[in-house]
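If you read the protein sequences in the order shown, they are chains A and B. Under this note's numbering, residues 31 to 143 are what the first sequence spells out, in order. Under this note's numbering, residues -16 to 98 are what the second sequence spells out, in order. Single-structure report; data block below.
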Amino acid sequence: AQSVTQLGSHVSVSEGALVLLRCNYSSSVPPYLFWYVQYPNQGLQLLLKYTSAATLVKGINGFEAEFKKSETSFHLTKPSAHMSDAAEYFCAVSDRHNNDMRFGAGTRLTVKP
Amino acid sequence: DAGVIQSPRHEVTEMGQEVTLRCKPISGHDYLFWYRQTMMRGLELLIYFNNNVPIDDSGMPEDRFSAKMPNASFSTLKIQPSEPRDSAVYFCASRPGLAGPYEQYFGPGTRLTVT
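This is the structure we're talking about:
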């Protein structure tokens, strides 16, 4: 079964600094990969997804992620953090042959002024 | 589209009482998922339905939990009797039934507090 591991339950960056949130996946077949964001007291919303069309995926709010098969990684980045990026971020993997989506444990991003 | 709708948004109840959480998926979505989120366990999949039929309920913690989907536009998650350890945020999500990289669309959640 597929799974994802998010390295670092908490990440803190200064406003304007690079954001890097790490996600490694495990899957026996080429996966679909997703990043979701959860703002306080809200549900999860999709940031971006990888569907094999391109290895570098651009999402909303200036985020992007790169699929690296050799490293089984799908790290999320943003060049310059904004205070409004403070939230919890979840990586998720889905098997192409079924509808089972597995979420990582989440990474809480704090942005310092 | 209004998105996934959940009610109530907040529920406070006493231990032993029955609790019913409600969800209206996005119209046309064939899959519906129920999740529970806690600080300790993170996001857990409880059960999911395809075309109103429960497919996998292996995540339901115990017999006190039950879920139904009587039609394509409505689902309930019931806890009877409720216990303090059931306190969590419960999310409903839906997605299209077509094969492919379709994401799940989440509702705003129901924050349940059992005292």
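C-beta: ideal position from N, C-alpha, C; glycine also.
Among the options, nearest to residue i - alpha-carbon criterion
i	options	result
Y73(B)	F32(B), F89(B), G11(B)	F89(B)
P61(A)	K98(A), N91(A), L76(A)	K98(A)
G73(A)	W17(B), R24(B), Y31(B), N33(B)	W17(B)
T59(B)	M23(B), V97(B), E(-3)(B), E1(B)	E1(B)
R78(B)	Y14(B), G(-14)(B), Q20(B), T3(B)	Y14(B)
D40(B)	G11(B), F57(B), Y31(B)	Y31(B)
D130(A)	V41(A), L50(A), S57(A)	S57(A)
Q75(A)	G89(A), V49(A), P143(A), T85(A)	G89(A)
G25(B)	E118(A), H105(A), T140(A)	E118(A)
Buried versus exposed call for residue i [16 or more other C-beta atoms within 10 Å across all chains shown]
i	result
Y69(A)	exposed
H112(A)	exposed
D115(A)	buried
M43(B)	buried
Beta-carbon contacts of residue i that lie in its chain and below 6 angstroms, excluding the five residues immediately before and after
i	result
Q36(A)	C53, C121, G134, A135, T137
F48(B)	I62
Beta-carbon proximity of residue i to residue j, cut-off 8 angstroms
i	j	result
A55(B)	N35(B)	yes
S124(A)	P84(B)	yes
R132(A)	V49(A)	no
S44(A)	K108(A)	no
T21(B)	A76(B)	no
V41(A)	R126(A)	no
is_contact[residue i, chain A] using C-beta, thresh 8 angstroms
i	result
L26(B)	yes
F89(B)	yes
G92(B)	yes
P84(B)	yes
F74(B)	yes
Neighbourhood of residue i by C-beta distance below 8 angstroms, restricted to the same chain and skipping five residues each side
i	result
V87(A)	L78, K79, Y80, E94, A95, E96, F97
M(-2)(B)	P64, S65, E66, P67, V97, T98
is_contact[residue i, chain B] using C-beta, thresh 8 angstroms
i	result
Q32(A)	no
F64(A)	yes
S124(A)	yes
Contacts around residue i, its chain only, beta-carbon distance under 7 angstroms, and the 5 residues preceding and following it disregarded
i	result
S(-10)(B)	R5
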